[in-house]
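Residue numbers (this note's numbering): 1 to 200.
Built from N, CA and C at the ideal position, the CB exists for glycine as well.
All values reported here derive from a predicted model rather than from experimental measurement.
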Ligand code: DLZ
């Protein structure tokens, strides 16, 4: 029987013309990595070209909104100047020195250009003994929504806010029989990327 939860039967959308950004936190890396893998697998399965998937990391989830905002505005600048965009140090870069940077953390540059059709923000917040979790979860959620509405680029909410590691593993598809939520985020990015072009 189909599960009550979840986005329903995956809709098929052609992602072959899309350019997708993934910005992920490095905190809780063992959970983050399978989530990125699940996200990427669905992007590729929808036809998104590997060269059109740009992955950038930041230290923690707190940094996700500013990084998504910068990544998007940098890609817009690139589309108007046709320069080679980079963002190895995305948060520290000014709009004038973008050409000197490289777009992923390993120093490779991207060959494609143009603004992103969707950006996926991935982070894992695990509740501790203090109020830290509540403050970050709320601020980051609001921040990501703000970036999405301010820029008009669909921003997929890949922020897990869980009470313990077990819950995190179960949402990253690590525990037996569990579902990798990254797959849903990849599908959502393609659907929204395609729809955004239709809405334009
Ligand atoms: C400091 C912190 C803590 C305690 N927990 C998490 C977490 O569970 N998940 C996460 O993504 N980041 C965490 N961080 C780091 C903050 O998000 C942020 O990177 C730092 O406070 C520096 O701004």
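Residue 174 versus 11, 31, 124 and 27, residue with shortest Cα-Cα distance: Sequence index remark: in the chain shown, residue 174 carries index 174 (1-based). Of the listed residues, the one whose Cα sits closest to residue 174 is 31.
For residue 43 and residue 20, believed in contact at Cβ under 8 Å, the rounded distance: As a position in the chain shown, residue 20 is number 20, starting the count at 1. As a position in the chain shown, residue 43 is number 43, starting the count at 1. Sure, about 6 Å apart at Cβ, within 8 Å.
Local conformation of residue 172 per DSSP, three classes: The residue given as residue 172 occupies position 172 in the chain shown. Residue 172 falls in the strand class under three-state DSSP.
Residue environment, residue 70, which counts as buried when at least 16 other CB atoms sit within 10 Å: Your numbering for residue 70 matches position 70 in the chain shown. Result: buried.
Under the three-state DSSP convention, the category residue 200 falls into: Walking along the chain shown from the start, residue 200 turns up at place 200. Residue 200: coil per DSSP, three-state reduction.
Range covered by the alpha helix (DSSP H) that runs through residue 133: Position 133 of the chain shown, counted from the first residue, corresponds to residue 133. Looking at the DSSP string, the run of the alpha helix (DSSP H) that includes residue 133 is 132-151.
Cβ pair count under 8 Å reaching 3, the region 3-17 against the region 156-166: At 8 Å Cβ cutoff, the stretches do not touch.
Proximity below 9 Å, CB of residue 185 to CB of residue 126: If you number the chain shown from 1, residue 185 lands on position 185. If you number the chain shown from 1, residue 126 lands on position 126. Cβ atoms of residue 185 and residue 126: not closer than 9 Å.
Distance cut-off 8 Å: residue 61 Cβ against heavy atoms of ligand 1: As a position in the chain shown, residue 61 is number 61, starting the count at 1. Answer for residue 61: yes, Cβ within range of ligand 1.
Segments of 3+ residues assigned as beta strand (DSSP E) that fall wholly inside the region 34-66: 53-58
Nearest residue (CA-CA) to residue 7, options 199, 182, 200 and 177: To locate residue 7, count along the chain shown from 1; it is residue 7. The candidate whose alpha carbon is nearest that of residue 7 is 182.
Start and end residues, beta strand (DSSP E) containing residue 118: Position 118 of the chain shown, counted from the start, is the residue given in the question as residue 118. Taken as a continuous stretch (DSSP letters only), the beta strand (DSSP E) holding residue 118 covers 118-126.
Of the listed residues 55, 164, 197 and 68, nearest to residue 129 (C-alpha basis): The residue you call residue 129 lines up with position 129 of the chain shown. Nearest C-alpha to residue 129: 164.
Straight-line Cα distance separating residue 176 from residue 5: Translated into positions along the chain shown, residue 5 becomes position 5. Translated into positions along the chain shown, residue 176 becomes position 176. Roughly 18 Å between the two C-alpha positions.
Inter-residue Cα distance where the pair is residue 284 and residue 147: Beyond the ends of the chain as shown, which are 1 and 200, falls residue 284; an answer cannot be given.
Rounded Cβ spacing between residue 114 and residue 75 (contact assumed at less than 8 Å): Counting from 1 along the chain shown, the entry for residue 114 is found at position 114. Counting from 1 along the chain shown, the entry for residue 75 is found at position 75. Between residue 75 and residue 114 the Cβ distance is about 7 Å, and since that is below 8 Å, they are a contact.
Nearest residue (CA-CA) to residue 124, options 68, 11 and 33: For the purposes of this step, residue 124 is taken as residue 124 along the chain shown, with counting starting at 1. Its Cα nearest to that of residue 124, the residue 33 stands out among 68, 11 and 33.
Counted within 10 angstroms of its Cβ, other Cβ atoms place residue 24 as buried (16 or more) or exposed: Counting from 1 along the chain shown, the entry for residue 24 is found at position 24. It is buried - the Cβ of residue 24 has at least 16 other Cβ atoms within 10 Å.
DSSP beta-bridge partners of residue 181: Counting from 1 along the chain shown, the entry for residue 181 is found at position 181. Residue 181 pairs with nothing; no bridge assigned.
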